[in-house]
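Read through the structure below, which is laid out as structure tokens, and then see the notes.
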Amino acid sequence: MTRSNKGFAQILELNQFDEIIDVRSPAEFAEDHIPGAVNCPVLDNAQRAEIGTLYVQVSPFEARKLGAAWVAENIARHLREHFIARPRSWRPLLYCWRGGQRSGSFTTWMRMIGWDACQLVGGYKTYRAAVLESLASQPARFQFQVLCGPTGSGKTRILQALAEAGAQALDLEALAAHRGSVLGALPEQEQPPQKWFETQLNHTLAGFDPRRPVFIEAESRRIGKIHLPESLFQTMHRSPCIVLDAARGARLELLLEDYAYLGQNPADLQSKLNRLKGLQSNAVLARWNDLAGQGQLATLFDELLTLHYDPLYQRSQERNYEHMDVTPPLQISRLDAEGVRDAAQRILAQATYAAIHCPQQG
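If you read the sequence shown in our numbering, its first letter stands for residue 34, the second for the next number, and so on.
Now the structure itself:
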């Protein structure tokens, strides 16, 4: 690899570097960043806020003086703590918000040392624009096979089994850290920021082979607080469907396993149930709150399936998915490990039929 004469790099050159360094503040990094980047801020959250205030309330000159002192101090610390052992051949790429002073300062010092460090032209702002542009067009390249079925049908488990069998599987709920229902928030796990979800989604899609089908679970426009890109949502809803028809007992058993943690915090479960106000009568909600308080999850989940989830599924799936009735439903009698593996193998065979008889619409 030849040495860069100018110290600048474009988005398409990301994979040509040994390490990608995000010099923005930790708060900016937490919201979104280039996958695989490490965060070495030249200004921390408090310093960045103080510089901004000083710039507006006093003068740009005073802000630059203090900012330069902090930037120099932080760069020196990062060099000592993180990069002192890097060989001369090491080639890092650095970026900040717009590819300006923060990454420029760090890049200058690294090049003075002797490393072939480069600054990303346009910074994170350019990278973010590239992600949005890619998400607008990339979903249409793929042959999605959509797993449909009412709540408790084992869609997520089967999707994971398909991935383990070597199929391409896009697990949107894993990326969104949410199970996609009123009870879907995961215990002690926050959902990612919208921008980071989109970055991970784009990165995952980029790793798929468009010549092979991609299995995906049917979702609404939102998974918790996360919004699906419109391009992906529309492509999914034009795609072939594989309808899971799991036995009622198996569905209830799965819900009791997957949502057992809800019984450990009745007040939180009641709070979630109360979000259904307006969709269920006050009498029904009062009964469900009593069941939650008493820890009677089996009875509660059985009634939720009957009065909420199954009717909701019928309304949403039949309205939104164009190819629900192309293939016969896949009958599933059990959703334990063996039953899920068996379903995945049958889906792999059925997917070929669905792709032939219901080609994806462009």
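Built from N, CA and C at the ideal position, the CB exists for glycine as well. Remember, it's a predicted structure, so these values are computed and weren't measured experimentally.
Length of the line joining the Cα atoms of residue i and residue j
i: residue 156; j: residue 199; result: 36 Å
i: residue 221; j: residue 149; result: 42 Å
i: residue 216; j: residue 267; result: 25 Å
i: residue 185; j: residue 103; result: 54 Å
i: residue 208; j: residue 234; result: 7 Å
i: residue 3; j: residue 40; result: As shown, the chain starts at 34 and ends at 395. That puts residue 3 outside it, with no answer to give.
i: residue 212; j: residue 232; result: 19 Å
i: residue 87; j: residue 113; result: 29 Å
i: residue 183; j: residue 132; result: 48 Å
i: residue 214; j: residue 72; result: 34 Å
i: residue 188; j: residue 118; result: 47 Å
Reduced DSSP secondary structure (H/G/I, E/B, other) of residue i
i: residue 223; result: coil
i: residue 292; result: coil
i: residue 380; result: helix
i: residue 343; result: helix
i: residue 104; result: helix
i: residue 255; result: strand
i: residue 301; result: helix
i: residue 270; result: helix
i: residue 216; result: coil
i: residue 40; result: coil
i: residue 261; result: coil
i: residue 329; result: coil
i: residue 76; result: coil
i: residue 165; result: helix
i: residue 71; result: strand
i: residue 177; result: strand
i: residue 58; result: coil
6 Å CB neighbourhood of residue i in its chain, flanking five on each side removed
i: residue 135; result: 56, 75, 129
i: residue 238; result: 171
i: residue 100; result: 84
i: residue 247; result: 175, 177, 201, 203, 241
i: residue 328; result: 296
i: residue 376; result: 191, 365
i: residue 258; result: 224
Beta-bridge pairing of residue i - partner residues as DSSP gives them
i: residue 461; result: Given a span of 34 to 395 for the chain in the structure shown, any question on residue 461 remains unanswerable.
i: residue 396; result: The requested residue 396 does not occur in the structure, where the chain is confined to residues 34 to 395.
i: residue 111; result: For residue 111, which the question treats as bridged, DSSP gives no partner whatsoever.
i: residue 151; result: 126
i: residue 52; result: 125
i: residue 310; result: 313
i: residue 211; result: 218
Contacts around residue i, its chain only, beta-carbon distance under 7 Å, and the 5 residues preceding and following it disregarded
i: residue 174; result: 243
i: residue 395; result: Any answer about residue 395 is weak, because its pLDDT of 43 lies below 50 and its placement is not dependable; what the coordinates show is given next. Hits under 7 Å: 173.
i: residue 229; result: 64, 65
i: residue 256; result: 205, 206, 209, 211, 213
Contact set for residue i: own chain, Cβ-Cβ below 8 Å, skip 5 residues either direction
i: residue 42; result: 49, 50, 126, 151, 152, 153, 154
i: residue 378; result: 198
i: residue 68; result: 232, 233, 236
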